[in-house]
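Working notes, beginning with the structure itself.
There are 2 protein chains.
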Amino acid sequence: MDEIRIFSPATIANVSCGFDVLGLCLDSVGDEMVVTKSAEKGIRIKQIIGAGLPLAAEKNVAGVAALALTEALDPEYGFEITIYKNIKAGSGIGSSAASAAGAVFAINHLLGSPLSNKELVPFAMQGEKLASGSAHADNVAPALLGGFTLIRSYEPLDIIKIDAPNELYATVIHPQIELKTMDARSVLRENITLKKATIQCGNIAGLISGLYTNDYDLIGRSLHDELVEPVRYILIPKFKEIKAAAMKAGALGGGISGSGPSVFALSRGVETAQKAAQAMAAVLEGTGIPFELHVSPINPTGIKIL
Amino acid sequence: MDEIRIFSPATIANVSCGFDVLGLCLDSVGDEMVVTKSAEKGIRIKQIIGAGLPLAAEKNVAGVAALALTEALDPEYGFEITIYKNIKAGSGIGSSAASAAGAVFAINHLLGSPLSNKELVPFAMQGEKLASGSAHADNVAPALLGGFTLIRSYEPLDIIKIDAPNELYATVIHPQIELKTMDARSVLRENITLKKATIQCGNIAGLISGLYTNDYDLIGRSLHDELVEPVRYILIPKFKEIKAAAMKAGALGGGISGSGPSVFALSRGVETAQKAAQAMAAVLEGTGIPFELHVSPINPTGIKIL
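Chains as they are written, first to last, in UniProt numbering: chain A, 1 to 306; chain B, 1 to 306.
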């Protein structure tokens, strides 16, 4: 095989009580990428359709991830990458992660899959490092593995994939304001109370338990973030109203997607997820803030070959 | 039925990364209690064998829990309680919880079980409040339900039972020094870093995941406590050596049982748990500190009728 076309999905990191350790994979929104073997070694970003991103491989998240992988595997040939960008940069649903994860997935596949998708995570993380300054895994891991992914530990890297209950749907609204990851990080408090940490531990443990037992109510009861949402939500216009509208429409719970500005809700069943979408949209309509809306099942396997 | 004899088990609260939210139920160590209906209303502690504890119902943890339950259920008769105490007070393996949980379990059973074991938890918590000043649930819940119990939230109380993998065994060593729960609480830091909280969240999520998937290695990798053990271990003689000895003997992981001074280890298989016991004992032998040693499977159902 000399060419591969893939769908690389958007992802929701943090997932409320799972700050910096949880992510989930979306199914109905993502980038497409075409990667082709070339006789000449190295990585070339041929074209990026839909976004004004740098083409120089060492300045592009897909390029940097691809370079990290080819440096490790040292293949006989090079790769050309074309990216059809559907996920908006800075949306908070893993735009850079989709590019980085997609690049290493495609190249690994063209090389006969010497590495597992889990083994590709550290290479994709290099793209995240370029994008945000920190080599975080909570978007690239769900993009590569699907379902929910737990980053139990970074040193050493320990990733656990958790299947999502079948009827779980995500709703995402992306208010199109600029919110830099760095700014979203800067509002975080370095110190928190032991009591809040304990509450957070109870909730993430409850969420994990709910995922394994398909207990939608428990998933909903656990979707509370004590640590980050209370200080970060002020950066997102109408956050509280959007979340309240989703809950009123029947969503199980929700929060900030990644470091924002997207807001997500989880629901049981596509109908409720769509009702939540309408309710969330109604809050932003009339504010003059443009937005995008996504309703998606949880993608069970991550990146797909088209 | 006018009389019931029960076995009320010891329990391990906190379970390393599960500070204040997790507990597990032991099987091979516990108290026995005999509870008898009496024509005269009220609660009478007839006798406590094996410990010098107050007999006045309102000053006894079993008595207080029983009074809370009978106040709610308002039965036509009273109850007499005899306690055969095998769990040493102040050991850190739920001595007061066993008495409190046992009392409400027995009375509920004699009344034809109007409440579920989970519904009994808040009444048993009243005994804990008398014992330690705080109505915590992380010992009474596993005593009443068995397995592992997660206290996802206290307000409202939300308890999730998680079955333990079959081959999981606990080893507990109880160095017989005096360590008051209040003193063990006083060393805790009120504030912690967000980074440590995040690491703790990763570990408790990993532990819960390991319990649902019978992944013993993951359980072991997750048994790290960032928040409490690093400041509390100094109160326990030879803690680091005891834990290291258990790990060297093949245990998956371990930590402080409850607020100490008991130290626990979890192992896969009874043989490894016994080897861990020997290794842990070897550390305290020769120090002059007397100790008790327990090796136990995880009790799947909690309190038993004898």
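Note that beta-carbon positions come from the ideal geometry of N, C-alpha and C, so glycine has one too.
query: The beta strand (DSSP E) enclosing Lys-161(A), as first and last residue numbers; result: 157-162
query: Contact with chain B by Val-172(A), beta-carbon distance below 7 Å; result: no
query: Cβ of Cys-201(B) within 7 Å of any chain A Cβ; result: yes
query: Closer than 7 Å to chain A by CB, Gly-206(B); result: yes
query: Span of the alpha helix (DSSP H) around Glu-241(B); result: 239-248
query: Local Cβ density within 10 Å of Pro-9(A), reported as buried at 16 or more and exposed below that; result: buried
query: Cβ contact check for the segment 285-296 of chain B and the segment 33-50 of chain B: 3 or more pairs under 8 Å; result: no
query: Close beta carbons around Ala-277(A), own chain, < 6 Å, minus the five adjacent residues each side; result: Thr-171, Leu-293 and Val-295
query: Element boundaries [alpha helix (DSSP H), containing Leu-207(B)]; result: 194-213
query: Neighbourhood of Leu-73(B) by C-beta distance below 7 Å, restricted to the same chain and skipping five residues each side; result: Leu-111 and Pro-114
query: CB-CB length for Ile-12(A) against Ile-87(A), believed under 8 Å; result: Contact flag wrong, Cβ pair sits at about 12 Å.
query: Enclosing beta strand (DSSP E) for Thr-11(A) [first to last residue]; result: 3-13
query: Beta-carbon proximity list for Lys-161(A), same chain, < 6 Å, skipping 5 on both sides; result: Leu-145, Gly-147 and Thr-149
query: Segments of 4+ residues assigned as alpha helix (DSSP H) that fall wholly inside the UniProt domain "GHMP kinase N-terminal" (65-147) of chain B; result: 95-110, 117-132 and 140-145
query: Segment limits, beta strand (DSSP E) that includes Gly-286(B); result: From DSSP, Gly-286(B) is part of no beta strand (DSSP E); its letter is neither H nor E.
query: Near-chain B residues of the segment 180-194 of chain A (beta-carbon distance less than 8 Å), N- to C-terminal order; result: Leu-188, Arg-189, Glu-190, Asn-191, Ile-192, Thr-193 and Leu-194
query: Gly-133(A) burial status per 10 Å Cβ neighbour count (16 or more: buried); result: exposed
query: Assigned exposure category for Gly-210(A) - 16 Cβ within 10 Å defines buried; result: buried
query: Assigned secondary structure, Glu-40(A) (DSSP; H/G/I helix, E/B strand, else coil); result: coil
query: Residue(s) in a DSSP beta bridge with Thr-181(A); result: Beta-bridge pairing links Thr-181(A) to no other residue.
query: Cβ-Cβ distance between Glu-305(B) and Met-280(B) below 7 Å; result: Note on identity: in this sequence residue 305(B) is Ile, with Glu being the wrong assignment. No.
query: Residues that DSSP places opposite Lys-304(B) in a beta bridge; result: Phe-7(B)
query: Identity of the residue in Ala-103(B), Pro-237(B) and Ile-298(B) nearest Pro-175(B) by Cα; result: Pro-237(B)
query: Strand pairing of Phe-264(A), partner residues [DSSP]; result: Val-172(A) and Gly-255(A)
query: Rounded Cβ spacing between Phe-79(B) and Ile-303(B) (contact assumed at less than 8 Å); result: Wrong, their Cβ atoms sit about 16 Å apart, outside the cutoff.
query: Test: Ser-209(B) CB closer than 7 Å to a CB of chain A; result: yes
query: Minimum Cβ-Cβ distance from Ser-134(A) to chain B less than 7 Å; result: no
query: DSSP state of Glu-167(A) mapped onto helix, strand, coil; result: coil
query: Contact list for Ser-222(A) against chain B, beta-carbon separation under 7 Å; result: Arg-152
query: CB contact flag (Gly-253(B), Leu-207(B), <7 Å); result: no
query: CB contact check: Ala-137(A) to chain B, cutoff 7 Å; result: no
query: Contact with chain A by Tyr-212(B), beta-carbon distance below 7 Å; result: yes
query: contact_flag[the segment 18-28 of chain A, the segment 54-68 of chain A] where n(CB pairs < 8 Å) is 3 or more; result: no
query: Gly-220(A), enclosing alpha helix (DSSP H) - first and last residue; result: 216-222
query: Val-61(A) to Ser-28(A) span [Cα, whole Å]; result: 22 Å
query: Element boundaries [alpha helix (DSSP H), containing Ala-187(A)]; result: The sequence shown places Val at residue 187(A), rather than the Ala named in the question. Where Val-187(A) is concerned, there is no enclosing alpha helix (DSSP H), given that its DSSP letter is neither H nor E.
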